[in-house]
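Residue numbers (this note's numbering): 276 to 407.
What follows is a short report on a single structure.
Below is the structure:
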């Protein structure tokens with residue numbers, strides 16, 4: 276076998292190893308699209324959580340913690356298209372998982388890293404007092 280044949284075989288092997296490595300490890304650094312662990316019923320309840328871009332009157336709620344939602348188009352040819360609505364749905368699901376019934380002080384921004392395109396929203400999950 277000639278030197279050029281050995282080199283081509285080495286290149287093919289290197290490409291295969293790199294592809295497998297990226298497929299197994301590289302994708303783990305990309306964000307997931309959905310908050311896992313919610314049933315269809317829980318996702319429906321989370322979708323009803325009110326979202327406010329401003330704060331509420333002090334004392335009318337108990338702060339639970341910060342939540343984030345991400346709408347991520349992983350690659351250029353990914354069929355999933357980012358939207359603010361999808362990022363807010365993820366925000367609501369994250370608040371639901373933490374025990375919140377409202378999200379306040381929401382802000383959203385477009386970005387990319389580590390996605391091709393993304394919209395990220397963040398806010399505070401709170402439990403609004405029901406007056407009882």
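Backbone N, C-alpha and C fix where the C-beta goes; we use that ideal spot for every residue, glycine too.
- A straight line joining the alpha-carbon of residue 405 with that of residue 349 spans about 40 Å.
- DSSP, read as helix, strand or coil, puts residue 329 in coil.
- Here residue 323 is exposed, its C-beta having fewer than 16 other C-beta atoms within 10 Å.
- Only residues of its own chain outside the window of five on either side were considered, and among them none has a CB closer than 6 Å to the CB of residue 364.
- The beta carbon of residue 366 sits closer than 8 Å to the beta carbons of 326, 342, 343, 344, 378, 381, 396, 397 and 398 from its chain, once the five residues preceding and following it are set aside; these are given in chain order.
- Restricting attention to 361, 370, 352 and 332, the CA atom closest to the CA of residue 394 is found in 361.
- Distance from the CA of residue 340 to the CA of residue 351, rounded to the nearest whole angstrom, comes to 34 Å.
- By the Cβ-count criterion, residue 321 is buried, with 16 or more other Cβ atoms from all chains shown falling within 10 Å of its own Cβ.
- In the assembly as shown, residue 312 is an exposed residue. Its beta-carbon has fewer than 16 other beta-carbons within 10 Å.
- Per DSSP, residue 375 lies in no alpha helix (DSSP H) segment and is marked neither H nor E.
- Within 10 angstroms of the beta-carbon of residue 346 lie 16 or more other beta-carbons, which makes it buried.
- Around the C-beta of residue 375, 16 or more other C-beta atoms lie within 10 Å, and the residue is accordingly described as buried.
- Excluding five sequence positions before and after residue 330, the CB atoms of its chain that fall closer than 8 Å to its own CB belong to 379 and 380, given in chain order.
- Cβ-Cβ distances below 8 Å link residue 336 to 377, 379, 401, 402, 403 and 404 in the same chain, with the five nearest sequence neighbours on each side left out; the list follows chain order.
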